[in-house]
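A.B. asks: In this note's numbering, the protein residues as written are 209 to 359.
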Amino acid sequence: MSNEQVTSLAQLKEYGRGTFVQLPDFAEGQPFYARLKRPSMMALVKKGKIPNDLLTTANKLFTCQAADEEMVQKDNMMGEMLDTIECLAEASFVEPTWAEIKEAGVELTDEQLMFVFSYTQDGVKALDSFRGQQEDHDGAEVSGEIPQITE
């Protein structure tokens, strides 16, 4: 017989608090730790957080088809992709919240935004492979490659 049990409400609440992660540094010696969660794209669409005009872009981004000919020829493709990534960032940041980051006048780096996007799609397993050569707090090097989006 299995020892598996129904997940308790207390565990579900804890899961809802997100995961403590280290994002790419702002600059050398300027680490960034936050609590992130993986949002549901369907929930974001239902709540109107991803506007209708971004749905096609969002769908292509999530299915890794952003480089197809139609998207490449679209005038505002990059802007729409960044808008979608910002929608995900807003839904992902638990502590600090996205609103708190913006109110503080902090602008995330491109690498940090792509890290958040990768986290929303792949969860914790994406964290190890996302970072390039980087030193941890003990001075040991951590190796990994930034994932490439392919067709």
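Ideal Cβ placement from N, Cα and C applies to all residues, glycine included.
In whole angstroms, give me the CA-to-CA distance for Phe338 and Ser326.
C.D. replies: Note on Phe338: pLDDT 48, under 50, position unreliable in the model; no value is reported.
A.B. asks: Expressed to the nearest angstrom, what Euclidean distance is found between the alpha-carbon atoms of Phe183 and Ala297?
C.D. replies: A question about residue 183 goes unanswered here, because the residues of the chain that appear run from 209 up to 359.
A.B. asks: Taking 7 Å as the limit between beta carbons, can you name the residues of its chain near Ala299, skipping five residues before and five after?
C.D. replies: Closer than 7 Å at the Cβ level, and outside the excluded window around Ala299, lie Pro247, Leu252 and Lys257.
A.B. asks: For the beta strand (DSSP E) containing Leu163, name the first residue and the last one.
C.D. replies: In this structure the chain extends from 209 to 359, so residue 163 is not present and cannot be described.
A.B. asks: Per DSSP, which one or two residues make a beta bridge with Glu303?
C.D. replies: According to DSSP, which records beta bridges pairwise, Glu303 is partnered with Arg243.
A.B. asks: Where does Gln219 fall in DSSP's three states?
C.D. replies: In this structure, Gln219 counts as helix in the three-state DSSP scheme.
A.B. asks: Assign Ala242 to buried or exposed, taking buried as 16 or more other Cβ atoms, counted over all protein chains shown, within 10 Å of its Cβ.
C.D. replies: It counts as buried.
A.B. asks: Taking 8 Å as the threshold (C-beta atoms), are Phe301 and Ile293 in contact?
C.D. replies: No, Cβ-Cβ distance for Ile293 and Phe301 is not below 8 Å.
A.B. asks: Does DSSP put Leu316 in a helix, in a strand, or in coil?
C.D. replies: If DSSP states are grouped into helix, strand and coil, Leu316 belongs with coil.
A.B. asks: Rounded to whole angstroms, what's the CA-CA distance from Gly313 to Ala307? Just pull it up for me.
C.D. replies: The alpha-carbon atoms of Gly313 and Ala307 are separated by roughly 10 Å.
A.B. asks: Taking the alpha helix (DSSP H) that Ala251 falls in, what are its first and last residues?
C.D. replies: Ala251 -> alpha helix (DSSP H) spans Met249 to Lys254.
A.B. asks: Could you tell me the alpha carbon to alpha carbon distance between Leu290 and Glu315, rounded to whole angstroms?
C.D. replies: So the alpha carbons of these two residues sit roughly 13 Å apart.
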